[in-house]
Amino acid sequence: MAPDQERLNSVFQKVERQLGKVASNPQPETVHRFRTSTRRTEALLEELIPEQDRNQSKLLKELSRLRRRAGRVRDVDVQVMALRGLKAPQEPTLKADVLRSLAEMRAKREAKLRKALDKQTVRQLRKRLKRTAENPQVLKNGRDPFTVASQMLARLIRTSGPLQEELLHQYRIKGKRIRYVAELAGDMPEARHLVEQLKRVQDALGEWHDWLTLTETVRQHVGDDARSALLAELSNITRAKFREAIAVVQETKSRMSAKPVLITQAKGGQRKPVASQRPVAAAIA
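Counting from 791, one number per residue, gives the positions in the sequence shown under this note's numbering.
And the structure:
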């Protein structure tokens, strides 16, 4: 079953609303919401619409460009929040220097984002969003969100290799997209369960990645000074977050391989949940 018109409209309306806000006032939360709404729009079009028309292809290309610009600003924002929230008293002067450096970096990246969000670009994007939302083929040809999300998850779970940084990065990026697709399935019990599990993994991996990024920034700032107490503290936190992220991923994979799910069957045009004893991994394979 394709996503309904109300959910489709909600995705396009949110990204249009955030587009206007970030263009006029790119504060941290505004940048974050714009980036998230853009990712949701990209997930909808790329995963649920088998063939995009010319307008949709251009929309995706422009949204991707702006999301990357916003992402560079967001990367600085999360580092600032993490460093400001660090209660350790080590090297206050170094901490202040890093915060100052991040503020300068943020200003430069914000300027580039503002430049990319000129009035003509915003106007054109709004037109493309409107055309896409009003295109009946989007709804008619759309794939079932839960089916697509389940297939994507099955492929991700089958990814082999030790749970090291490279694989965790894959889980972080791909898991986020799977969650956004699953959210379009609405109130289906199995879809809600999938979203809950993916959000838990996403939160753990995101927190680890934020601390990892900050640690690398401070390492670049201090250079070869291995005696930095602040760097040592950040490295300890990052290692702890890495272990926590691995534990959450392993636990979630195990739970989703063992927990029974609800399989929906169509009856009279309506979805009817039917109990299934198949584990998630088997049900979605």
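Positions of the beta carbon are idealized from the N, C-alpha and C atoms, including for glycine. Everything numeric in this text was worked out from a predicted model, so none of it was measured.
Based on Cα-Cα distance, which residue from the options lies nearest to residue i?
i, options, result
"E832", "L856, D867, P818, V888", "L856"
"G1013", "V888, R933, F1032, I1027", "V888"
"K753", "I1027, D993, M1046, R948", "This structure leaves residue 753 out entirely; the chain is present only between 791 and 1075."
"D934", "L838, E806, E796", "L838"
"N845", "T922, R874, V863, A897", "T922"
"Y970", "D1000, L907, A893, L943", "L943"
"L995", "Q842, Q803, R1033, E836", "R1033"
"Q954", "R858, R1029, S814, P816", "R1029"
"L958", "I1036, A897, L907", "I1036"
"E806", "Q795, Q817, T826", "T826"
"S847", "F936, R1045, L919", "L919"
"P840", "G932, E980, G976", "G932"
"R896", "D908, P816, Q795, S1025", "P816"
"H983", "D993, E956, F936, Q1010", "F936"
Would residue i pass as a contact of residue j if the rule is Cβ separation under 9 angstroms?
i, j, result
"L1020", "V1038", "no"
"L853", "L798", "no"
"K1043", "I963", "no"
"T828", "A860", "yes"
"K778", "E1006", "Any answer about residue 778 is impossible in this case: the structure gives the chain only from 791 up to 1075."
"V870", "A893", "yes"
"V812", "L915", "no"
"H822", "R858", "no"
"L873", "L1002", "no"
Measure the alpha-carbon distance for residue i versus residue j and round it to whole angstroms.
i, j, result
"G810", "S891", "28 angstroms"
"A939", "R1017", "47 angstroms"
"Q987", "R862", "27 angstroms"
"L1052", "M978", "Caution applies to L1052, whose pLDDT of 41 falls short of 50 and renders its modelled position unreliable; the value that the coordinates give is listed next. Going from the Cα of L1052 to the Cα of M978 covers about 9 angstroms."
"V801", "F824", "12 angstroms"
"K905", "A1022", "38 angstroms"
"G991", "G965", "Checking the sequence shown, residue 991 turns out to be Val, not Gly. Taking the straight line joining both Cα atoms gives about 8 angstroms."
"E1041", "T949", "16 angstroms"
"P1050", "K989", "Low local confidence applies: a pLDDT of 44 at P1050 is under 50, so the model's placement there is unreliable, with the coordinate-based value given in what follows. Looking at the two C-alpha atoms, the distance is approximately 19 angstroms."
"T820", "R1045", "35 angstroms"
"R899", "S814", "15 angstroms"
"P818", "P882", "24 angstroms"
"K804", "Q941", "26 angstroms"
"Y961", "K851", "24 angstroms"
"A972", "Q880", "43 angstroms"
"E836", "Q842", "8 angstroms"
"A981", "A975", "6 angstroms"
"L1024", "K885", "11 angstroms"
"N925", "Q808", "22 angstroms"
"E796", "V985", "19 angstroms"
"R967", "K917", "25 angstroms"
"G951", "R913", "45 angstroms"
"G875", "E956", "27 angstroms"
"Q1010", "R830", "33 angstroms"
"T1054", "H999", "Below a pLDDT of 50, predicted positions are generally treated as unreliable, and T1054, at 43, falls in that range; the measurement from the model is reported next regardless. Distance between the alpha carbons of T1054 and H999: 36 angstroms."
"V866", "A901", "13 angstroms"
"K909", "L849", "16 angstroms"
Can you look up residue i in the DSSP assignment and give me helix, strand or coil?
i, result
"R874", "helix"
"V1051", "At V1051 the pLDDT is 46, less than 50, meaning the model places this residue with poor confidence; the figure from the coordinates comes in the next sentence. Of the three classes helix, strand and coil, the one that applies to V1051 here is strand, per DSSP."
"P879", "coil"
"G951", "coil"
"D934", "coil"
"S827", "helix"
"S847", "helix"
"K1062", "In this prediction, K1062 scores a pLDDT of 46, lower than 50, which makes its location untrustworthy; the coordinate-derived value is nonetheless stated afterwards. DSSP places K1062 in strand when its eight states are reduced to three."
"R916", "helix"
"R1017", "coil"
"N925", "coil"
"D1000", "helix"
"D867", "helix"
"D993", "helix"
Give the range of the alpha helix (DSSP H) segment to which residue i is assigned.
i, result
"M895", "882-906"
"N799", "795-814"
"R836", "First, the residue type needs correcting, since residue 836 is Glu and not Arg in the sequence shown. Neither: E836 is in no alpha helix (DSSP H) and is coded neither H nor E."
Quick check: does the Cβ of residue i come within less than 8 angstroms of any heavy atom belonging to the ligand GTP?
i, result
"L953", "The model on display carries no ligand, and the ligand GTP is accordingly not part of it."
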